[in-house]
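Below: the structure, in structure tokens.
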Amino acid sequence: MQLPNHGANPHHVYAKLGIEPPDTLLDFSENVNPAGPPQAVSDSWPALLSKLSAYPDPFGEPFLSAAANFHGVSTPYLFAGNGAAELLALIAERYQGKKALIVHPTFSEYEATLTAKNVEVIQIIASETDGFDLPLATILEKMKEVSVLYLCTPNNPTGRLPTRDQLQTIVRRGAEVDCDCVFDEAFIDFVDESLSFIPEVENYPHVTVVRSMTKMYAIPGIRLGYVVASPSIIMDIKARAPHWNVNGIAAQIGAVCLREETYRQQVIHQSTVERQRLTEFLRRHGCTVTDSVANFLSFKPGPHQQASKLFQDLLQQGIVLRHSENFLGMDGHWLRVGMKKEAEMTRLKEVLAIWFAEN
Ligand SMILES: Cc1ncc(COP(=O)(O)O)c(C=O)c1O
Numbered sequence: 018m019q020l021p022n023h024g025a026n027p028h029h030v031y032a033k034l035g036i037e038p039p040d041t042l043l044d045f046s047e048n049v050n051p052a053g054p055p056q057a058v059s060d061s062w063p064a065l066l067s068k069l070s071a072y073p074d075p076f077g078e079p080f081l082s083a084a085a086n087f088h089g090v091s092t093p094y095l096f097a098g099n100g101a102a103e104l105l106a107l108i109a110e111r112y113q114g115k116k117a118l119i120v121h122p123t124f125s126e127y128e129a130t131l132t133a134k135n136v137e138v139i140q141i142i143a144s145e146t147d148g149f150d151l152p153l154a155t156i157l158e159k160m161k162e163v164s165v166l167y168l169c170t171p172n173n174p175t176g177r178l179p180t181r182d183q184l185q186t187i188v189r190r191g192a193e194v195d196c197d198c199v200f201d202e203a204f205i206d207f208v209d210e211s212l213s214f215i216p217e218v219e220n221y222p223h224v225t226v227v228r229s230m231t232k233m234y235a236i237p238g239i240r241l242g243y244v245v246a247s248p249s250i251i252m253d254i255k256a257r258a259p260h261w262n263v264n265g266i267a268a269q270i271g272a273v274c275l276r277e278e279t280y281r282q283q284v285i286h287q288s289t290v291e292r293q294r295l296t297e298f299l300r301r302h303g304c305t306v307t308d309s310v311a312n313f314l315s316f317k318p319g320p321h322q323q324a325s326k327l328f329q330d331l332l333q334q335g336i337v338l339r340h341s342e343n344f345l346g347m348d349g350h351w352l353r354v355g356m357k358k359e360a361e362m363t364r365l366k367e368v369l370a371i372w373f374a375e376n
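All you need for this note's numbering is the position in the sequence shown, starting with 1, plus 17.
See below:
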């Protein structure tokens with residue numbers, strides 16, 4: 018059965034499986050920060066009403082300058098979009114009629130946006146027996162056959178982060194064999210900003226870094242993301258985007274969010290603590306767990322336990338995990354969990370402990 022391809026919106030999963038959703042749901046299938054948006058967003062909300070009656074700035078200001086300032090790059094290196102999802106669609110268009118390399122298991126939108134633009138996708142599958150380590154030698158070899166490589170860093174759904182050395186090797190290889198690199202850093206906010214590849218972009222005109230404001234700042238509803246790349250790539254992406262692609266409210270809220278350093282540090286701390294606790298709990302119960310650095314992890318239940326049964330049994334109890342049916346290389350055997358607040362994580366562990374004991 019074809020289950021929905023994305024986390025969040027759990028009612029689609031219930032409808033597809035014909036399960037009546039309980040009144041209250043705990044949705045671990047999405048990876049958005051459970052703290053909710055920073056207080057400063059609510060505080061600025063009343064003033065934002067005045068923005069409704071004006072067209073937004075066509076360059077996404079004041080967000081664009083705030084993001085440039087945040088990363089210490091100049092604005093010609095940046096372009097803002099209606100979520101990273103819009104930017105991925107625009108980037109895919111750049112490679113129309115060409116070939117792209119994707120390392121699975123990974124975020125399904127790379128392949129979806131590329132195939133929609135008539136890009137031939139070559140797939141590499143990272144092996145679960147290597148803990149989904151980046152298959153570097155194969156990547157370097159295959160790069161000579163394609164125009165672009167996509168990497169999710171840290172990777173959704175494994176949470177694995179390629180090392181700076183690996184990325185440098187890949188990028189240098191890209192320069193050698195004329196293969197662009199698209200690095201999706203949608204979740205790097207939860208790790209450490211100093212690990213971002215953005216400071217390197219000025220040195221490598223064939224690298225595009227994609228960022229999302231959705232996850233860290235808990236604002237998936239307003240749609241805001243950006244790319245950092247050489248000015249020529251930025252101009253090319255911009256030329257493909259609709260005018261006013263970033264709404265005025267999002268551009269204001271994004272600028273407010275980027276000022277929230279204390280909030281960011283607290284969120285990183287909380288998600289790291291919860292991820293470490295859950296990793297330890299799952300390993301103690303015989304599961305294999307990815308070495309995630311992000312605000313989610315993936316796990317595979319013990320040898321005699323079935324992920325699909327666990328998934329459905331938990332759905333009956335109002336607990337939604339992310340299935341892996343459409344993650345190539347995981348093929349339904351793994352489940353992804355997004356970190357929530359402590360009380361919700363405790364509830365999840367209680368329910369899981371019972372399931373592990375009974376199955
Ligand atoms: C790896 C990755 N990149 C990009 C996105 C899209 O983010 P946005 O909400 O900014 O469109 C997602 C959403 O789940 C994601 O998981």
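We put the CB at the ideal spot given by N, CA and C, even for glycine.
Check: Return the Cβ separation of Phe149 and Thr307 in integer angstroms, given the expectation that the two are a contact with Cβ distance under 8 angstroms.; Outcome: 6 angstroms
Check: For ligand 1, enumerate in chain order all residues having a CB closer than 6 angstroms to any of its heavy atoms.; Outcome: Gly100, Ala101, Ala102, Phe124, Cys169, Asn173, Asp201, Ala203, Ser229, Thr231, Pro237 and Gly242
Check: If the criterion is Cβ atoms closer than 8 angstroms, does the pair Met160 and Val194 meet it?; Outcome: yes
Check: Just reading off the alpha helix (DSSP H) that Thr377 is part of, what are its end residues?; Outcome: There is no way to answer for residue 377, as the model of the chain reaches only from 18 to 376.
Check: Look at Val120 and Ile156 and say whether their C-beta atoms are less than 8 angstroms apart.; Outcome: yes
Check: Just the C-alpha distance for Glu128 and Arg228, rounded to the nearest angstrom, thanks.; Outcome: 18 angstroms
Check: So what does DSSP say about Thr6, is it helix, strand or coil?; Outcome: Since the first residue of the chain shown is 18 and the last is 376, residue 6 is not available in this structure.
Check: Tell me the DSSP secondary structure of Asp201 in three-state form.; Outcome: strand
Check: Of the residues His88, Leu212, Pro171 and Val218, which one's Cα is nearest the Cα of Ala192?; Outcome: Val218
Check: Between the segment 358-369 and the segment 75-86, are three or more C-beta pairs nearer than 8 angstroms?; Outcome: no
Check: Per the DSSP calculation, Arg257 is bridged to which residue(s)?; Outcome: In DSSP, Arg257 forms no bridge with anything.
Check: For chain B, is any of its Cβ atoms less than 8 angstroms away from the one on Ser70?; Outcome: No chain B is part of this structure, which consists of one protein chain only.
Check: Just list the alpha helix (DSSP H) runs in the segment 308-355, keeping only unbroken ones of 4 residues or longer that don't cross its boundaries, in chain order.; Outcome: 324-333
Check: Got a sec? Which residues, its chain only, sit under 6 angstroms from Ala106 by beta carbon, not counting five neighbours each side?; Outcome: Thr130
Check: With the cut-off set at 8 angstroms, would you say Gly98 and Tyr234 are in Cβ contact?; Outcome: no
Check: In this structure, does DSSP put Gln140 in helix, strand or coil?; Outcome: strand
Check: Whole-angstrom Cβ separation of Leu178 and Val310, contact assumed at under 8 angstroms?; Outcome: 5 angstroms
Check: Expressed to the nearest angstrom, what Euclidean distance is found between the alpha-carbon atoms of His88 and Gly114?; Outcome: 33 angstroms
Check: Roughly how many angstroms lie between the CA atoms of Glu278 and Gly53, to the nearest whole one?; Outcome: 15 angstroms
Check: Is the distance from the Cβ of Leu42 to the Cβ of Glu361 below 8 angstroms?; Outcome: no
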